[in-house]
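Going letter by letter, the sequence shown gives residues 1 to 236 in UniProt numbering.
Each remark here refers to the structure printed beneath this line.
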Amino acid sequence: MTRPVEPTTVAQLCDAQKWPRPVPDVVGRLLYQVKDGSLGCWDHIRAVAPDGHDPLSQPTRPSDGQEKAYRISAVSPAVGTPVDRHGIVTVELVEADASAPSGLRPCDWVTAAEAAEILGGSVTAEPLGDQTGSVDIACIYDKPVDVGDGVEIDLQVPGAFPVDAARQFGLATSPGGTGVDGIGVRAACVYESTTTPPSTTLVVLLNRDRLFRVTQGYASCNTLKRFAQLAIGRIG
């Protein structure tokens with residue numbers, strides 16, 4: 001019996017799903033994240049901003065300034081309705097208030113002082129994706145005297161994946177990841193030679209359909225594992 005070939009791209013993963021699929025619950029989520037996340041397998045996603053334009057097909061022109069961030073307020077067809085891959089899913093939007101408190105503090109998962117100890121020098125810590133409704137939350141640690149030697153930790157939760165965290169783990173580690181024991185449900189280090197600079201990413205599959213990553217240029221997996229152990233211990 002021929003063993004099925006595991007998908008190595010998002011397109012292949014989407015092709016392998018059973019269609020039609022139920023519309024996911026994306027209300028309250030950030031459009032820019034879920035369009036490639038839980039809505040990523042549908043070919044025709046339409047978005048309606050408060051002024052009526054579709055920021056997916058008609059993004060703001062550079063002369064008009066930066067495109068606003070939008071949160072999804074409604075979805076049609078209704079959540080759970082089976083829709084074919086080529087069917088239309090429409091999301092209604094409201095502007096996301098970046099100043100609204102979210103309760104997300106990703107740079108507390110590994111403090112700047114702890115990162116400095118691991119990296120051997122002072123660092124700055126900057127949160128990313130910490131708005132209310134975010135499904136992809138990160139902290140970036142930079143070493144002011146060593147540009148390009150920073151570390152990014154990133155937690156993805158349901159809504160961030162076209163299918164689920166386990167299959168996303170499979171995609172992320174398909175280039176030949178090296179298994180890492182003693183952390184998460186499964187973990188692997190992946191060397192990414194095509195990035196600038198070349199980098200190493202530790203990918204950790206967590207319970208409750210979550211994925212955690214730590215990335216650094218020219219990094220050893222042992223260094224990344226120290227970050228992951230601290231962060232995951234606090235994330236739970």
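The beta carbon of each residue, even a glycine, is placed where N, CA and C say it ideally should be.
Per-residue burial, Tyr141 [other beta carbons within 10 Å of its own, 16 or more giving buried]: That one is buried.
Alpha-carbon to alpha-carbon, Cys189 and Asn222: 10 Å
Taking the continuous alpha helix (DSSP H) assigned at Leu30, which residues delimit it? Element bounds for Leu30: n/a, residue is neither H nor E.
Tell me the residue span of the alpha helix (DSSP H) that contains Gly233. From DSSP, the alpha helix (DSSP H) with Gly233 extends over 221-235.
So, are the CB atoms of Ala187 and Asp181 less than 9 Å apart? yes
Out of curiosity, what's the CA-to-CA distance linking Ala16 and Val145? Cα to Cα, the separation comes out at about 46 Å.
Can the beta-carbon of Pro158 be found closer than 9 Å to that of Arg210? yes
Beta-carbon spacing of Ser174, Thr200 below 9 Å: No, Cβ-Cβ distance for Ser174 and Thr200 is not below 9 Å.
Going by Cα to Cα distance, which pick from Ser76, Asp51, Pro50, Ala47 is closest to Val23? Ser76
Inter-residue spacing [alpha-carbon to alpha-carbon] between Leu202 and Ala11: 23 Å
Secondary structure at Val190, three-state DSSP: helix, strand or coil? Val190 falls in the strand class under three-state DSSP.
Tell me, please, which residues DSSP counts as bridged to Arg210. Beta-bridge pairing links Arg210 to Leu206.
Out of Ile153, Tyr32, Ser134, Ala100, state which residue places its alpha-carbon closest to the alpha-carbon of Glu126. Ile153
Could you tell me the distance, in whole angstroms, from the CA atom of Gly87 to the CA atom of Gly176? 35 Å
Residue interval of the alpha helix (DSSP H) (run including Leu171): 165-173
When DSSP labels each residue in this structure, what does Gln156 get in the three-state scheme? strand
Which residues does DSSP pair with Ala125 in a beta bridge? Tyr141
I'd like to check one pair, Arg71 with Thr132: are the Cβ atoms closer than 9 Å? yes
Check whether the region 42-54 and the region 80-95 touch, using three or more Cβ-Cβ pairs below 8 Å as the test. yes
Using the C-alpha atoms, what's the distance from Ala47 back to Leu224? Computed Cα separation, rounded: 38 Å.
By DSSP, does Asp15 sit in helix, in strand, or in coil? helix
Enumerate in chain order the residues of its own chain whose CB-to-CB distance from Gly170 is below 7 Å, with the five nearest sequence positions on each side excluded. Glu6
If I measure Cβ to Cβ from Ile235 and keep anything under 7 Å in the same chain, skipping five residues before and after, which residues do I get? Trp109, Leu155
Do Ser134 and Leu13 have their C-beta atoms within less than 9 Å of each other? no
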